[in-house]
Amino acid sequence: MKTPTFGQRIAYDLGRELPEELHEWVIHDLVGHGAMERYLVRFIGPIIPFFALVLLFPGPLPLKIGLIVMMIVPLIVFTVALSYVWRRFRLIQHGLSPDLVDHGKCTDHERELYELRYGHR
């Protein structure tokens, strides 16, 4: 699998489209093993230094930490909630099938087999 150069990777992280020869890497990045972790790091990582600016405000430290937590928790919740939509958008942007996001989900038949084998009796 061909990987993007450093410049292509930065452009990709900022929302640009990669060339067609890197589509296999894009699929791995968006739906492969560890895709959710990479997504969270890309969205939350760059914002953390701005939260540190809260520590410069006057006031007691527990209040500052509370402010940071009140900002980080909704950020994480909305980031996780929108990951499905974002990954589908990125696949469409690269001309790939958005159904690839659902690739890891089990089918109804697999679910029925599981319930027959391990379900309530």
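In terms of my numbering, the sequence shown opens at residue 1 and continues consecutively.
Even glycine gets a Cβ: it sits at the ideal position worked out from N, Cα and C.
Please read these numbers as outputs of a predicted model, since none were measured by experiment.
Quick one, are the C-beta atoms of residue i and residue j less than 8 Å apart?
i	j	result
L30	R90	yes
S97	Y39	no
I47	I76	no
L100	I27	yes
M71	F51	yes
L67	V85	no
E24	M1	yes
When DSSP labels each residue in this structure, what does residue i get in the three-state scheme?
i	result
R16	coil
H94	coil
G59	coil
T79	helix
K2	coil
H33	coil
I think residue i touches residue j, with their Cβ atoms under 8 Å apart; what is that distance to the nearest whole Å?
i	j	result
P4	L18	6 Å
On the criterion of 16 or more Cβ atoms from any shown chain inside 10 Å, does residue i qualify as buried, or is it exposed?
i	result
Y114	exposed
R88	buried
Y12	buried
Give the range of the alpha helix (DSSP H) segment to which residue i is assigned.
i	result
E115	D108 to Y118
P46	P46 -> no alpha helix (DSSP H), and no H or E assigned at all.
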